[in-house]
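These protein sequence lines map, in sequence, to chains A and B. When we follow this note's numbering, the leftmost residue of the first sequence carries the number 75, and every step to the right adds one. When we follow this note's numbering, the leftmost residue of the second sequence carries the number 75, and every step to the right adds one. Data first, discussion second: the structure below is written as structure tokens.
2 protein chains.
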Amino acid sequence: MKIIITGSTGFVAKSLIQTLINEGHEIHAIIRSHSNTEGIADGTKFYVDNGDNQALLDYFNLVKPNGVIHLASLFLAQHNTEDIQSLITSNITFGTRLLEASTKSYVKWFINTGTFWQHYENEAYNPVNLYAATKQAFQDIAKFYYETNDINFVTIKLNDTFGEGDTRKKVFNLWQNMIKNNETLGMSPGDQIIDISYIDDIVEAYTLMISHLKNDKNFSYKGDAFSVSSSERMPLKDLAKVFEEATKSTLNINWGERPYRDREVMIPWDKGHPVLGWKQKTFLLNAIIKLKENTNG
Amino acid sequence: MKIIITGSTGFVAKSLIQTLINEGHEIHAIIRSHSNTEGIADGTKFYVDNGDNQALLDYFNLVKPNGVIHLASLFLAQHNTEDIQSLITSNITFGTRLLEASTKSYVKWFINTGTFWQHYENEAYNPVNLYAATKQAFQDIAKFYYETNDINFVTIKLNDTFGEGDTRKKVFNLWQNMIKNNETLGMSPGDQIIDISYIDDIVEAYTLMISHLKNDKNFSYKGDAFSVSSSERMPLKDLAKVFEEATKSTLNINWGERPYRDREVMIPWDKGHPVLGWKQKTFLLNAIIKLKENTNG
């Protein structure tokens, strides 16, 4: 299949692209002129988008992709006043332009990426931050396109993710550095539940979704959302213990030295539906051991 | 009170501003550099927005408005590919910038304007067109602001409106021109239900809402939406008869000569809640007679 992917410079998309290329698919990545394509699988074809809608449509008509996987987004845990325009451009306008080009070039399916943070306090919709609000807003826009065109639009909602090649300043990288540098770290009280999934499981959610969309030709998901959620949800404090066990190290954390942040998610959304047939295959202890081996090796 | 208003060059805002100025309020209108301020009530103060978020916040801090009435929007019944950016900038980004400035300057209330077209086929959400989708998207962005700040945000959803000074190419203006020029017009079969309200009733919905927001200080609407809906909903064909009666003329319409448009709204949304205490005061026959007198005079 020919698949157009966005967000190819990000952690999840890089792994997904590698898998799809290994499976023999033709991958077209939409990037920006300043994008760093280092680490994106060999064989990926690139299109540099400069914001021109007609040029984007011409490109879609040329490639004639079977489907689109939209992983690009601007993530900001908290925004500043000057971030508004770029948050909307990245998380709403770009996706709208993709849907316009997709529907006008008769693309059959479109996988969008959402976030558990659209569901603060487990509500049907309550955004943790402006980032999550822009994700919801894009789904609203998408509804216009899938109601008025023959395109199968679905959203996969992700929470925390981890794995080899993840350079984001997230908890496992933080802890690995602590141990390496023999540091002590002040953290929140640590009672917030963490729902984190290993990259291979995330990638499988997308590849499974693709096969449903490809094979269930007469089935319309009508904008349905699916989630990737761990079967090992646990408080951050307990996750630290798993990490210690996997790495055979001790974390010097002063729990409670810092406050929880504003709108800290204490219990992540648990009302999502997994992609049909998806099951967590990699468990935390093994994944962290694997991660450590690959990172050190 | 000091009130900031957007969309002041539009039909509804012009009438509303005149009423609010007559009531003694201080009106600050946000316009663009190319806006034509002709016909906006004397005494209105203007601020030219050039897209700078910090300048907008400085302006809010200077004015210290009690509330904001957001009527600006880009309306397009059908969009073209090149319209996407301007639809999003006008209907999502501008409102988001207003909410950012409002919450940062401790504005107490914000009245947003939505459309019945967010409810195609009477659904909780199904946009008739991309315009309506951007309206919904903005409400979802707004949720972030009213969930995380002490601001009372409400939406008033409008359907058709008419009255003196309305220069839009809508049905009554069309029919008046037909009669004046003794023309014959081909129209759709005419069975679509029309829900159209007279401008004075629309203005009253806003002034009533303002008084609720001002007086019910401890009450939070939490993003509630209210509607302005006519008690005289009727098929377009029947509306033509009322128009003929009011104007003592004959309309030469060939019903059925044109098809309905894509996603023609046959039955407008009827699940809205009117603003508390609001009742239609001007009835169609009288309003059209008044309109004709004032237009000819």
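Virtual Cβ for every residue (Gly too), placed ideally from N, Cα, C. Only a predicted model underlies this, so the values are computations on that prediction, with no experimental measurement involved.
- Close to Asp214(B), with beta-carbon spacing below 8 angstroms, are these residues of chain A in chain order: Tyr199, Pro201, Ala207, Gln210, Ala211 and Asp214.
- Contacts between Glu156(B) and chain A, judged by CB atoms closer than 9 angstroms, involve Asn127 and Gln128 in chain order.
- For His286(B), the enclosing alpha helix (DSSP H) covers residues Ile273 to Asn289.
- Between the C-alpha atoms of Ala211(B) and Thr258(A) there is a straight-line separation of about 44 angstroms.
- Judged by beta-carbon spacing, Asp274(B) lies within the 9 angstroms limit of Thr356(B), meaning their Cβ atoms are closer than that value.
- DSSP places Asp234(A) in the uninterrupted beta strand (DSSP E) bounded by Asp234 to Phe236.
- Among the residues of the region 316 to 343 of chain B, those with a Cβ less than 9 angstroms away from any Cβ of chain A are Asp336 and Arg337, in the order of the chain.
- As a beta-bridge residue in DSSP terms, Tyr121(B) pairs with Ile104(B).
- In chain order, Ser262 place their CB closer than 7 angstroms to the CB of Pro333(A), counting only its own chain and leaving out the 5 sequence neighbours on each side.
- Proximity of the region 177 to 195 of chain B to the region 229 to 236 of chain B meets the contact definition, three or more beta-carbon pairs being nearer than 8 angstroms.
- Closer than 9 angstroms to the CB of Ile166(A) there is at least one CB belonging to chain B.
- Judged by their CB atoms, Pro342(B) and Ala279(B) are not nearer to each other than the 9 angstroms cut-off.
- Setting aside the 5 residues that flank it on each side, Asn165(A) is surrounded in the same chain by Ser147, Leu148, Tyr205, Thr208, Lys209, Ala211 and Phe212, each with a C-beta closer than 8 angstroms to its C-beta; the list follows chain order.
- When rounded, the separation of the alpha-carbon atoms in Ala103(B) and Arg335(B) is 35 angstroms.
- Of all alpha-carbon atoms in Ser82(A), Trp329(A), Arg106(A) and His144(A), the one lying nearest the alpha-carbon of Val228(A) is that of His144(A).
- Contacts with chain B at 9 angstroms (Cβ-Cβ) do not include Tyr180(A).
- Inter-residue distance for Trp329(A) and Ala320(A) is about 20 angstroms (C-alpha atoms, whole angstroms).
- At a beta-carbon threshold of 8 angstroms, the residues of chain B lying near Phe218(A) are Pro201, Asn203, Leu204, Ala206 and Ala207, ordered along the chain.
- The continuous alpha helix (DSSP H) containing Lys311(A) extends over residues Leu310 to Thr321.
- For the pair of segments examined, the region 92 to 103 of chain B was found not to touch the region 300 to 319 of chain A: the number of CB pairs separated by less than 8 angstroms stays below three.
- By the Cβ criterion, the region 359 to 371 of chain A is not in contact with the region 287 to 305 of chain A, since fewer than three pairs of Cβ atoms, one from each stretch, lie closer than 8 angstroms.
- Taking 9 angstroms as the cut-off, the Cβ atoms of Ile105(A) and Thr83(A) count as close.
- Between Thr324(A) and Glu318(A), the beta carbon gap of about 6 angstroms places them in contact (Cβ cut-off 8 angstroms).
- With 16 or more neighbouring CB atoms inside 10 Å of its own CB, Phe168(B) falls in the buried class.
- The beta carbon of Thr170(B) sits closer than 9 angstroms to some beta carbon of chain A.
- Linking Gly81(B) to Asn127(B) through their CA atoms gives a straight-line distance of about 18 angstroms.
- Annotated three-state conformation of Ala115(B) is coil, per DSSP.
- A residue is called buried once 16 or more other Cβ atoms fall within 10 Å of its Cβ, and Phe120(A), having fewer, is exposed.
- Note: Leu259(B) is bridge-paired with Ile327(B) in the DSSP secondary-structure output.
- A Cβ-Cβ separation of about 4 angstroms places Gln92(B) in contact with Ala115(B) under the 8 angstroms criterion.
- When the five nearest sequence neighbours on each side are left out, the beta carbons in the same chain lying within less than 6 angstroms of the beta carbon of Ser271(B) are those of Thr235, Val302 and Ser304, in order along the chain.
- In the DSSP assignment, Phe168(B) falls within the alpha helix (DSSP H) that extends over Phe168 to Lys178.
- Pairing Glu197(B) with Lys345(B), the inter-Cα distance amounts to about 9 angstroms.
- Secondary structure of Lys217(B) (DSSP, three-state): helix.
- Only residues of its own chain outside the window of five on either side were considered, and among them Thr321 have a CB closer than 6 angstroms to the CB of Lys366(A), listed in chain order.
- In the structure shown, Phe184(B) falls within a strand segment according to DSSP collapsed to helix, strand and coil.
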